[in-house]
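Read in order, the letters of the sequence shown are residues 8 to 158 in the working numbering. For reference, the structure discussed in these notes is given below.
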Amino acid sequence: MILEAKPGVFTGGRLVADGIAVPVERRPGGWHFIPGPGPEEGGQVRYGGWSSRITAARAEGILEIRFGWSRGTFEHRGRSYVVTFSFFGRVRVEGETGIVASGGSTWGGLRLEWVPSDLGAFVREITFGLALKALADDAVLLAAGTHAGVA
């Protein structure tokens, strides 16, 4: 499954799942609601820049990705996962059995190709949350670059 997340500046943004665009609704508290394929299958996600944490919530439960200096980690259904961002906007999600998702930055978003795994219910929220993190990281780098050399 290929997912492309494009967070909006003034709107919630959109998520494209296998070529079908789904509008994402911005909600209070930094949450973004992502409708699912069925009427009751939606979930929500937010990225906390100060805590460097993605929180995804669905009817199945809550999933939290905590980021350190070089990578993020999370657990789901007793399995551990690692998220790495590399140079040039590449992203990889690895599980205990191998790579679960890989992809990279696009203009204003993030595109990931997912292989079937037990994360199935959360892939939309994780993808959009990683796009929010990438957008925030780019903003920090841009701000640091514009202020470099100022004494």
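Idealized CB from N, CA, C, for every residue including glycine.
Inset, instruction - Output the distance between the C-alpha atoms of glutamate 103 and threonine 18, rounded to the nearest integer angstrom. - result: 36 Å
Inset, instruction - May I have a chain-ordered list of the beta strand (DSSP E) segments no shorter than 3 residues that lie completely inside the stretch 79–126? - result: 86–92, 97–102, 105–113 and 116–121
Inset, instruction - Taking glycine 15 as part of the beta strand (DSSP E), name the residues at either end of that continuous run. - result: Run containing glycine 15: none; DSSP gives neither H nor E here.
Inset, instruction - Report the three-state DSSP secondary structure of glycine 56 (helix, strand or coil). - result: coil
Legend entry - Same chain, Cβ closer than 8 Å to serine 93, five either side skipped, listed in chain order: Arg99
Inset, instruction - State the DSSP-derived secondary structure class of alanine 64, mapped to helix, strand or coil. - result: strand
Inset, instruction - Out of Glu67, Val89, Ala64 and Ala66, state which residue places its alpha-carbon closest to the alpha-carbon of glycine 74. - result: Position check: residue 74 holds phenylalanine in this sequence, whereas glycine was assumed. When only C-alpha atoms are compared, the closest one is Val89.
Inset, instruction - Check the C-beta distance from arginine 60 over to glutamate 71 and give it rounded, since I have them as a contact under 8 Å. - result: 6 Å
Legend entry - Those residues which DSSP pairs with arginine 73 across a bridge: Arg60 and Thr80
Inset, instruction - Answer with buried or exposed for glycine 26, where buried requires no fewer than 16 other C-beta atoms within 10 angstroms of its C-beta. - result: exposed
Inset, instruction - Would you kindly work out how many angstroms separate the C-alpha atoms of alanine 66 and phenylalanine 40, rounded to a whole number? - result: 13 Å
Inset, instruction - Label phenylalanine 95 either buried or exposed according to how many other C-beta atoms from any shown protein chain fall within 10 Å of its C-beta, with 16 as the threshold for buried. - result: exposed
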